[in-house]
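Q: According to the numbering used here, the sequence shown is numbered sequentially starting from 1152. Structure incoming, see below.
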Amino acid sequence: MSALAIAPAVRDTIASGGAVVALESAVITHGLPGAAALDAVRRQWTASQEAGATPAVVAVFDGQLRVGLSLEECTALAQRTDTVKVSPWNLGAALTSPRFGGTTVAATVQAAALAGLRVVSTGGIGGVHPGDGQDVSADLSELSRRSVCVVCAGPKSTLDAAATLERLETLGVPVIGWRSLVLAGFLAASAGLRLSSRVDTVDELAQLLGQHWELGGVGVVVSQPLAGDLAIPSSELAAAETASARGPERTPAELRHLQARLGERVIEANLALLERNAALAGSLAVALGRVMSPMDARHG
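See below:
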C-alpha cells in the first residue's frame, strides 16, 4: 500500500487539467470544536466548488497520507479521539501509529506538492512565537522548500507577526496582500505591518505566481484580511492569557484560551475567514490553470 493516496475525483481533475485546492485538516482535529470543525469543512468545500475548483482535504487516514477525503471521512476523523497533529517531522511515524491525524499547513503543503497541486487554503499560518525566537512553526520551513501558494488570513493571532514576516523574507517566501498592503491579522483585520506588494485580481495574482515559479521561486503566502464586521480588535486578542504549552500543542492551547475568553466570536470569525480563503483559493487555482499551461509548454 502506497503511503500517498490521491482520491479518484482529485486525480481525475488533475489529469483533465482542472483546478484543485488542498485543505488542511488540523482544523478538524485540533482547531475548532467538533460541530464547528465540520461546518468549516463544509463551508470551505462549497466555497472551493463554487469558485470552480475541486476541494481536496488532506489528512493521515487509516495509515495513508490522503489527498482528498470525503465529507463522511472528515466526520469520522473529527469523531476519533486518538488523532495526532501531523507535521513533516512526525508524518512517517503517524502513518504507522496512530494511523489517523490532522495535517498542519506544513504537512498539507508537503502533500500538495507531492500530488502536483499548487494551491492550499487555510485559516492562519504558523510562525514565530513570542519569546526568544526559537519556537518556530514548520509551516515556514516547508514553504521555503515547496512551490506551493498558501491562501490565509495571515499568521495566527498568538504569534509574533513581525518576526514571522521577517523569517519568511529570509526564507525567500513572498507575502502578497490580497487587495491590501497591510498584513492580515488572522482573527483581527490587520497585523499592522506593511507588505511590499499587493494584487487586486486573481489573474494578476496567478501571473505573479507563474513568474515567481518560472524563476525558481518556492512557496508564496497570500494574505487576505478578515472583513471588518467580523474581525476582533487586536487589543482584545493581545489581552488573551498565554498558554504554557510548548511545541506542537502550543498553538492549539493558545487558540483554546482565546475561544474560552472571547466565546463564539472566535469561532464565527474562524469560520468566515476559512470560507473566504477557500473561495479565493478556488478562484486562484482556476486562474493558475490559464497561466501555468502556456508556461509549462514553453519550458516543457
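For glycine and all other residues, C-beta sits at the position ideal for the given N, C-alpha and C. Everything numeric in this text was worked out from a predicted model, so none of it was measured.
#1: Taking only runs that begin and end inside the segment 1157 to 1203, name each unbroken beta strand (DSSP E) of 3 or more residues, in chain order.
#2: For Ala1382, I'd like the list of residues in its chain whose CB is within less than 6 angstroms of its CB, leaving aside the five on either flank, ordered along the chain.
#3: At the level of alpha carbons, what is the spacing between Ala1155 and Ala1262?
#4: For Ile1179, which option in Leu1220, Leu1344 and Ala1357 has the closest C-alpha, if you only look at C-alpha atoms?
#5: Going straight from the alpha carbon of Ala1187 to that of Ile1418, what length do you get?
#6: Just checking, does the segment 1234 to 1244 make contact with the segment 1189 to 1207 on the three C-beta pairs under 8 angstroms criterion?
#7: So, for Leu1192: in the same chain, excluding its five sequence neighbours on each side, which residues have a beta-carbon less than 6 angstroms away from its beta-carbon?
#8: Using the rule of at least 16 other Cβ atoms within 10 Å of the residue's Cβ for burial, across every protein chain shown, is Ser1347 buried or exposed?
#9: So for Ile1327, helix, strand or coil by DSSP?
#10: In whole angstroms, what separates the C-alpha of Arg1427 from that of Ser1434?
#11: Considering only residues of the same chain and omitting the five flanking positions on each side of Thr1315, which have a CB-CB separation below 6 angstroms?
#12: Which residue from Ala1430, Asp1213, Ala1170 and Val1172 puts its Cα closest to that of Met1152?
#13: Going by C-alpha distance, which of Val1326, Ser1292 and Cys1303 is nearest Ala1423?
#14: In three-state DSSP terms, what is Gly1274?
#15: What would DSSP say about Glu1392, mapped onto helix, strand or coil?
#16: Just mark Thr1254 as buried or exposed, buried being the case when its beta carbon has 16 or more other beta carbons within 10 Å.
#17: State whether the segment 1325 to 1332 contacts the segment 1271 to 1291, with contact taken as three or more CB pairs (one from each stretch) at a distance under 8 angstroms.
#18: Could you check which residue in Gly1169, Ala1389 and Leu1294 has the C-alpha nearest to that of Thr1309?
#19: In the structure shown, what three-state DSSP assignment does Gln1410 receive?
#20: Going by DSSP in three states, Gly1343 sits in which element: helix, strand or coil?
A: The short version:
#1: 1171 to 1174
#2: Within the sequence shown, the letter at position 231 stands for residue 1382. Answer for Ala1382: Ala1339 and Ala1340, listed in chain order.
#3: Position 4 of the sequence shown holds residue 1155. Position 111 of the sequence shown holds residue 1262. Here residue 1155 is Leu; the residue named in the question, Ala, does not match the sequence. If I take the Cα positions, the gap works out to 8 angstroms.
#4: Within the sequence shown, numbered from 1, the residue matching residue 1179 stands at position 28. That would be Leu1220, whose Cα lies nearest to the Cα of Ile1179.
#5: Translated into positions along the sequence shown, residue 1187 becomes position 36. Translated into positions along the sequence shown, residue 1418 becomes position 267. When rounded, the distance between both Cα atoms is 7 angstroms.
#6: no
#7: Residue numbering aside, residue 1192 sits at position 41 when the sequence shown is read from its first letter. Correcting the residue identity first, residue 1192 is Val in this sequence and not Leu. Cβ neighbours of Val1192 beyond the five flanking positions: Cys1225.
#8: Position 196 of the sequence shown holds residue 1347. Burial call: exposed.
#9: As a first step, residue 1327 is located in the sequence shown; it is residue number 176 there, counting from the start. Note: Ile1327 maps to strand in three-state DSSP.
#10: Counted from its first residue, the sequence shown places residue 1427 at position 276. Counted from its first residue, the sequence shown places residue 1434 at position 283. Whole-angstrom Cα-Cα distance: 11 angstroms.
#11: Position 164 of the sequence shown, counting from 1, holds the residue named residue 1315. Only Gly1278, Val1279 and Pro1306 meet the Cβ criterion.
#12: Here residue 1152 corresponds to residue number 1 of the sequence shown, with the count starting at 1. For the residues Ala1430, Asp1213, Ala1170 and Val1172, the minimum Cα distance to Met1152 belongs to Asp1213.
#13: The residue labelled residue 1423 in the question sits at position 272 within the sequence shown. Residue Cys1303 is the option with its Cα nearest to Ala1423.
#14: Residue numbering aside, residue 1274 sits at position 123 when the sequence shown is read from its first letter. Residue state, collapsed to three classes: coil.
#15: Position 241 of the sequence shown, counted from the start, is the residue given in the question as residue 1392. Confidence in Glu1392 is poor, its pLDDT being 47 and thus under 50, which makes the residue's placement unreliable; the coordinate value appears in the next sentence. If DSSP states are grouped into helix, strand and coil, Glu1392 belongs with coil.
#16: Here residue 1254 refers to the residue found at position 103 when the sequence shown is read from its first residue. Answer is buried; the Cβ neighbour count reaches 16.
#17: no
#18: Along the sequence shown, one-based indexing puts residue 1309 at 158. Per the Cα distances, Ala1389.
#19: By one-based count along the sequence shown, residue 1410 stands at place 259. Three-state result, Gln1410: helix.
#20: For the purposes of this step, residue 1343 is taken as residue 192 along the sequence shown, with counting starting at 1. Of the three classes helix, strand and coil, the one that applies to Gly1343 here is coil, per DSSP.
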